[in-house]
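Notes for the one structure printed next.
Residue numbers (my numbering): 812 to 979.
In structure tokens form, the structure reads like this:
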């Protein structure tokens, strides 16, 4: 019985060692693949910058890939969708004109751009409101230092109705 337990223990140890080696191998492969993808993306980015296309720092993770969106691409998406709406035909045409972007990626980017524009608009409205409140508070503070005026404003006088009473 103790011999069987010893054999079983050795078998488990061998199995665990094999699993560890397999995991190390796959971890190494994953790391190599990630480094390769990052290197390819960096090369694409460098080529696009050299070709004169400006990046809007729009990097989106898409599974194991990184998508880079330029200002020109964002502008083209917004312009096309503003004219005819984000219809399937418009998205297909955009996918044909962009090098490595799928229809789904373009739809997602359009939704993200709309979300960002709404967020920016909301922030601008909030900033304007805060500024207005500050100005009103400053005006109220200025008025509180002045002596109060005791003038009464008369309401406008109503003209008597010359046509007589209404029938309705």
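Glycine included, C-beta positions come from ideal geometry on N, C-alpha and C.
No experiment lies behind these values; they were computed from the predicted model shown.
Under the three-state DSSP convention, the category residue i falls into
{"i": "residue 752", "result": "The first residue shown for the chain is 812 and the last is 979, placing residue 752 beyond what the model contains."}
{"i": "residue 836", "result": "helix"}
{"i": "residue 867", "result": "Below a pLDDT of 50, predicted positions are generally treated as unreliable, and residue 867, at 49, falls in that range; no measurement from the model is reported."}
{"i": "residue 844", "result": "helix"}
{"i": "residue 911", "result": "coil"}
{"i": "residue 896", "result": "coil"}
Exposed unless 16 or more other CB atoms sit within 10 angstroms - verdict on residue i
{"i": "residue 891", "result": "buried"}
{"i": "residue 884", "result": "buried"}
{"i": "residue 888", "result": "buried"}
CA-to-CA distance, residue j to residue i, given in whole angstroms
{"i": "residue 868", "j": "residue 939", "result": "In this predicted model, residue 868 has a pLDDT of only 48, less than 50, meaning its place in the structure is not dependable; the value taken from the coordinates is given anyway. In a straight line, the C-alpha of residue 868 is about 27 Å away from that of residue 939."}
{"i": "residue 921", "j": "residue 933", "result": "18 Å"}
{"i": "residue 926", "j": "residue 896", "result": "16 Å"}
{"i": "residue 858", "j": "residue 913", "result": "21 Å"}
{"i": "residue 856", "j": "residue 826", "result": "45 Å"}
{"i": "residue 817", "j": "residue 916", "result": "57 Å"}
{"i": "residue 838", "j": "residue 820", "result": "27 Å"}
{"i": "residue 823", "j": "residue 829", "result": "10 Å"}
{"i": "residue 834", "j": "residue 851", "result": "25 Å"}
{"i": "residue 947", "j": "residue 886", "result": "39 Å"}
{"i": "residue 843", "j": "residue 836", "result": "11 Å"}
{"i": "residue 935", "j": "residue 853", "result": "35 Å"}
{"i": "residue 831", "j": "residue 840", "result": "14 Å"}
{"i": "residue 908", "j": "residue 882", "result": "15 Å"}
{"i": "residue 848", "j": "residue 815", "result": "49 Å"}
{"i": "residue 771", "j": "residue 893", "result": "A question about residue 771 goes unanswered here, because the residues of the chain that appear run from 812 up to 979."}
{"i": "residue 930", "j": "residue 949", "result": "28 Å"}
{"i": "residue 937", "j": "residue 845", "result": "42 Å"}
{"i": "residue 953", "j": "residue 928", "result": "37 Å"}
Test: residue i CB closer than 9 Å to a CB of chain D
{"i": "residue 839", "result": "Annotation note: the requested chain D is absent from the structure, which comprises a single protein chain."}
Nearest residue (CA-CA) to residue i, options the options
{"i": "residue 807", "options": "947, 913, 880, 908", "result": "Lying before the first or after the last residue shown, residue 807 is absent from the chain, which here runs from 812 to 979."}
{"i": "residue 910", "options": "928, 878, 931", "result": "878"}
{"i": "residue 919", "options": "937, 935, 899, 845", "result": "899"}
At least 3 beta-carbon pairs within less than 8 Å: the region 894-912 vs the region 940-949: no
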